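Working notes, structure below.
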Ligand code: IMP
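Residue numbers (this note's numbering): 331 to 530.
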């Protein structure tokens, strides 16, 4: 019998990437897009880990089902780490993904290639009965491009060039993004931990 898991996000890009991996792990997955009565969660912590733990705990407290939450974002060195935990709200509420990365490119318009270093970070928090949130992390290093390219993925993918590639994250197939992305790495850490707990 498969185990139930709620993925505590309503972000369609994240849902697609996380569901593809956790369904392979044998979970019967639902996201906040499938559930009525999902609580509104204010992401007011100043770390990815803190926000992920808050999201997972809040959703677990409502539904009582093991819950996995993702908090992630883009950390740009030339902007002292911005947009960071504010990646989803960069430039203010109501902007589209395109408007947000256009703003980022504008902010970096005079920044030379060697100073355009950045990374995507992901913290996953898993909550089940009686345990504090367990955190799993993943990072991918790269650079911000000068113009957008590609239409796979979501968010800042069209302007992020992974260090081991010559193209943007949005030019990678779903399969290749999964192999190298911050989220793919964090999900593999989660999977490894799950296997260890089952084997114990
Ligand atoms: P939050 O975790 O809900 O606060 O939102 C994270 C935000 O970071 C997303 O809305 C995207 O803008 C950005 N982000 C996180 N992961 C990715 C990714 O894999 N590709 C592109 N953008 C991402």
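C-beta: ideal position from N, C-alpha, C; glycine also. A quick note: this is a predicted structure, and the numbers were derived from the prediction, not measured.
Helix, strand or coil at residue 484 according to DSSP, with G and I counted as helix: Here DSSP, grouped into helix, strand and coil, assigns residue 484 to coil.
Within 7 Å, strictly: CB atoms of residue 389 and residue 451: Not a contact, by the Cβ cut-off of 7 Å.
Span separating the alpha-carbon of residue 444 from that of residue 481: 25 Å
Residue 419, DSSP secondary structure in three states: helix
Distance between beta carbons of residue 468 and residue 493, contact taken as under 8 Å: Not really, about 14 Å apart at Cβ, beyond 8 Å.
CB-CB length for residue 479 against residue 501, believed under 8 Å: 6 Å
Bridge-paired residues (DSSP) for residue 448: 406 and 472
Near the ligand IMP: residue 401 beta-carbon under 6 Å from a heavy atom: Yes.
Contact under 7 Å by Cβ, residue 395 with residue 465: no
Cβ-based burial, residue 348 [other Cβ within 10 Å; buried from 16]: By the neighbour-count criterion, in which a residue is buried when 16 or more other Cβ atoms sit within 10 angstroms of its Cβ, residue 348 is buried.
Inter-stretch contact at 8 Å, needing at least 3 Cβ pairs: the region 336–345 / the region 361–375: yes
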